[in-house]
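Taking it in order: structure first as structure tokens, then the write-up.
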Amino acid sequence: MSKRETDEVTGVETTGHEWDGIRELDNPLPRWWLYVFYAGIAVAAVYWVLMPAWPGVSGYTKGMLGQSDRADVVRELQGLKQLRGAQAAKLQKASLEEIEADPELQAYAQAIGQSVFGDNCATCHGTGGVGTKGYANLRDDVWLWGGSLSDIHRTIEVGIRSDHPQTRFSQMPAFGRDQMLTSAQISDLTEYVVMLSRRKADAAAVARAAPTYAEQCAACHGVEGLGDQTKGAPNLTDQEWLYGSSRDDIRGQIWAGKGGVMPSWKTRFDPETLKALAVYIHANAGGQ
Amino acid sequence: MTVVIDRTQPPKPAPAGKGPVSAAARVRAAGGPGGGLYKPRTPIYPKLVHGRWRAIKWAVLIATLVIYYVTPWIRWSRPGNLPDQAVLVDFAGRRFYVFDIQLWPQEVHFITGLLVIAALALFLVTALFGRLWCGYSCPQTVWTDLFIYVERLFEGDRNARMRLDTAPWSLSKAWRKVGKHAVWLGIAFATGGAWIFYFHDAPSLLRDFWSGQGPTTGYVFCALLTFTTYVFAGMMREQVCVYMCPWPRIQGAMLDTHSLQVTYRHDRGEPRGAHKKGADWAGRGDCVDCNQCVTACPMGIDIRDGSQLECINCGLCIDACDEVMIKVGRPAGLIAYDTDAAVEARAAGRPALYRLVRPRTVFYALALGAVSALMIWGLSTRTTLDLHVTRDRNPVFVRLHDGAVRNGYTLKVANRSFQSEQMTIALKGQPAAVLKMPGSSETAKAITVEVPANEVRAVRVFVTLPPQVLSAPNLPATFVVRSSREEARTATTFLSGAANSQ
């Protein structure tokens, strides 16, 4: 644009832009605005001197104030440790029973346990701890290896079918796959187990399976099917089924005898964390 | 409504030798094209007046300043570790203490209500009596008045100040200026310093502040308010009211012709003109054009130009005019708190009518009464006990070996009293329910927990229902928490899992 247009009313030059007859006046910037702009540049220069600002080849300018977010985090974590010091020391010394008896210590242990559970256990047992098919529900009152505080602690410590020398171990035989029983016998046994769980079952099949149950199953699951927590044998009379409650599920389990693995956490957690986790699981479980 | 003074007419030329006296007139005279993009502030030198309104202004100034400086130092005994400061805004502890009332962040609606009441009161007062807030109790007015008082101590009254400002620099001018600014800064610092006491325990903050141990926010806000007080009350003064404050614009909607305002009774004053002692008053107005009203005005306007945006209704021109009227032997009240309607009526020879009851004042009064009643009701029925219930979502329910079902709940029990309370938590609506806290081996119909004074405690509760009562997927239930004096209820549901049996 060669010649600038001047607005008649104000006598101010326009930018030459026009929208539906409305023209923009080319007024100079307010003086104070310019001052704020210069002040902003000055502040930036001061900031470079005081704070970490410029990257270098192997580092960066540290600034005169020595500000460092990394150092802040380290300091805050140390502060947190100090804050927890008294409770942490108490937790270290206390037995499981003592932790449960002290409400304050228990709340502290539960808080730690909850966070550890979310990081390590929730993958299999679920964030709510109710498990899924093949992974035990930790919220109810049915336990394969015992639901007392010390039982839970022990299970976490050594695991189940883990590589720990003292691991909890049980083996449901694969009666079908290993050809220990015939298919017909397994079908009859399935009816027998259905009967044990107080559901309608084929009476003839139950009668045929009774001697087989007594011979093959009662040793672990008990004559009445109540199970045995010392052997990790599940109770067959309740409504809780690790591998499903349908006839197909039960038959499949007699046939193949699945057994999951729970790792030993002894080497991964320090003793306090282990105790805290046991306390958390026990507190949120349905009894025992 | 007729325009009192027609500003479309060019102003009358000032009498020779006198020059325009009001700052506004000086600006008008200096204005015009080529005056630069930015209008400089024209200094205003208000002259000291004596009289009824000036006395009231001094009284309000002292009262408001005393309230401002003394309030944080009032001690108020509260039990336990609670702060013993009567008025305290405790941001760190998230509590707001006002004598026997302590508000939680959840109760911010009480603050909102207070602000609504303040706004409506302002509307009502403005509709009835004009901008009394601006003229007497606005902090900008109070501190500006205080700063002008200091200025007068160092530099003398209007004429002396004007002379001093045009005089060349001298030792006398230097110490007066330095002294004035030093005292201003001192007042400004005391203002910012007092402000921060509202947010921390005043005695310990005073000690920490001077030993360098105070909180950073304390120093920052003290510096900020020192700066704004010094600049607003010392340098900007009426510019804050005219250019920065939205209220002068809004108040136009509150005022009508029946609102009392500082009014020049032009029916009595015009035609104005100088008056020789002993001359006849017939055929002329009472205004002797002495300009005392203009020199007294802290806003730099001429009240004889009529109702103006700049006018803060302070009444100092009334005092200035009354003094002159008495001197020349005419009745006081040529400038007075009056209404435009009354002036019009008198000018037309009718008796002046004052109408306090008008639709707008009735509406403001009713609204004010309604909101005040609501606030009083809210504060008087305010409980110190509060219960909030969140049902566990993961797991939604847990089925136990015997078919019983357990739900987990998190209860937030708020104890807003100043005493630690033993609270009993029970579940109404499900008589078969058994309650248990995680980690506790005891099950019971009710749980007792201790909630410390002025705190919220989160309580986890497991509720177990036996299989025979699990008739529907959703079972209604109500948590009831009882302190020694009060009871709170919150309805919830118990999910039985009946719809999705495993």
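Respectively, the protein sequence lines represent chains R and B.
Here this note's numbering is used: the first residue of the first sequence is 7, the next is one more, and so on.
Here this note's numbering is used: the first residue of the second sequence is 868, the next is one more, and so on.
Backbone N, C-alpha and C fix where the C-beta goes; we use that ideal spot for every residue, glycine too.
Check, Outcome
"Spatial neighbours of Arg921 of chain B within its chain, please: C-beta separation below 7 Å, excluding the five flanking residues on both sides.", "Leu1183 and Asp1186"
"Cutting at 7 Å between CB atoms, please list the residues of its own chain near Leu31 of chain R, excluding the five before and the five after it.", "Asp13, Thr16, Val18 and Thr20"
"Are there 16 or more other CB atoms within 10 angstroms of the CB of Gly902 of chain B, so buried, or fewer, so exposed?", "The pLDDT assigned to Gly902 of chain B is 42, lower than 50, so where the model puts this residue is not dependable; a value taken from the coordinates is nonetheless given after this. Flag for Gly902 of chain B reads exposed."
"Is Leu987 of chain B near Leu1241 of chain B, with beta carbons less than 8 Å apart?", "no"
"Buried or exposed, going by whether 16 or more other CB atoms sit within 10 Å of the CB of Met1290 of chain B?", "buried"
"Would you kindly check if the distance between the Cβ of Ile984 of chain B and the Cβ of Ser1239 of chain B is under 8 Å?", "yes"
"If you drop the 5 nearest sequence neighbours on each side, which residues of the same chain put their C-beta closer than 6 Å to that of Val1318 of chain B?", "Val1280, Asn1282, Glu1288, Met1290 and Arg1324"
"Can you give me the start and stop residues for the alpha helix (DSSP H) that Lys1047 of chain B sits inside?", "Leu1038 to Ile1063"
"Going along chain B in order, which residues have a C-beta closer than 8 Å to the C-beta of Gln245 of chain R?", "Arg1266, His1268, Gly1270 and Gln1369"
"For Asp1259 of chain B, which residues of its own chain have a beta-carbon under 8 Å away from its beta-carbon, when the five flanking residues on both sides are left out?", "Asn1274, Gly1275, Tyr1276 and Thr1277"
"Let me confirm a value: Lys924 of chain B is counted as buried when at least 16 other C-beta atoms fall within 10 Å, else exposed. Which label applies?", "buried"
"Taking only runs that begin and end inside the segment 1168-1220 of chain B, name each unbroken alpha helix (DSSP H) of 4 or more residues, in chain order.", "1183-1194 and 1207-1214"
"Is it true that the CB of Ala1208 of chain B sits closer than 8 Å to the CB of Leu1220 of chain B?", "yes"
"Since Phe175 of chain R contacts Ile260 of chain R with CB under 8 Å, what's their CB separation in whole angstroms?", "Contact flag wrong, Cβ pair sits at about 20 Å."
"Cutting at 7 Å between CB atoms, please list the residues of its own chain near Ile1314 of chain B, excluding the five before and the five after it.", "Ile1292, Leu1302, Met1304 and Val1328"
"Using a Cβ-Cβ cut-off of less than 9 Å, give me the residues of the segment 1292-1305 of chain B that come near chain R, in sequence order.", "Lys1303, Met1304 and Pro1305"
"Helix, strand or coil: which one does DSSP assign to Gln1118 of chain B?", "helix"
"Give, in chain order, every unbroken run of the beta strand (DSSP E) that is at least 3 residues long and sits entirely within the segment 1261-1286 of chain B.", "1272-1282"
"Measuring only the C-alpha atoms, how far is Gly1364 of chain B from Val212 of chain R?", "31 Å"
"Cα-Cα, which of R:Arg145, R:Ala209 and R:Met268 is closest to Glu197 of chain R?", "R:Ala209"
"Below 8 Å between beta carbons: does that hold for Val1256 of chain B and Phe1361 of chain B?", "no"
"Please decide whether Asn1282 of chain B counts as near chain R, where near means a Cβ-Cβ distance under 8 Å.", "no"
"Closest Cβ-Cβ distance between Gly292 of chain R and chain B: below 8 Å?", "yes"
"Is it a yes or a no for the segment 236-251 of chain R touching the segment 270-277 of chain R, going by three-plus beta-carbon pairs under 8 Å?", "no"
"Determine, using beta carbons only, whether Ile1319 of chain B comes closer than 8 Å to chain R.", "The amino acid at residue 1319 of chain B is misidentified as Ile; the sequence shows Pro. Not closer than 8 Å to any Cβ of chain R, the Cβ of Pro1319 of chain B fails to qualify, so no."
"State the start and end residues of the unbroken beta strand (DSSP E) segment that holds Thr161 of chain R.", "Looking at the DSSP string, Thr161 of chain R is not in any beta strand (DSSP E); the run it does join, the alpha helix (DSSP H), is Leu155 to Val164."
"DSSP puts Val285 of chain R in a beta bridge; with which residues?", "None, per the DSSP bridge assignment."
"The alpha helix (DSSP H) with Asn1026 of chain B in it runs from where to where?", "Arg1025 to Thr1033"
"Over what stretch of residues does the beta strand (DSSP E) that includes Asp957 of chain B continue unbroken?", "Val954 to Asp957"
"Could you round the C-beta distance between Leu1254 of chain B and Ala1320 of chain B to whole angstroms and report it? I think they count as a contact, below 8 Å.", "So it is not a contact: roughly 17 Å between Cβ atoms."
"In three-state terms, what does DSSP make of Gln112 of chain R?", "helix"
"Whose Cβ in chain B lies nearer than 7 Å to the Cβ of Arg145 of chain R?", "Pro1262 and Val1265"
"I'd like to check one pair, Leu949 of chain B with Phe1285 of chain B: are the Cβ atoms closer than 8 Å?", "yes"
"Residues of chain R with CB under 7 Å from Arg1273 of chain B, in chain order?", "Gly292"
"If you compare alpha carbons, which of B:Gln1175, B:Pro913 and B:Leu1052 is closest to Ala1027 of chain B?", "B:Pro913"
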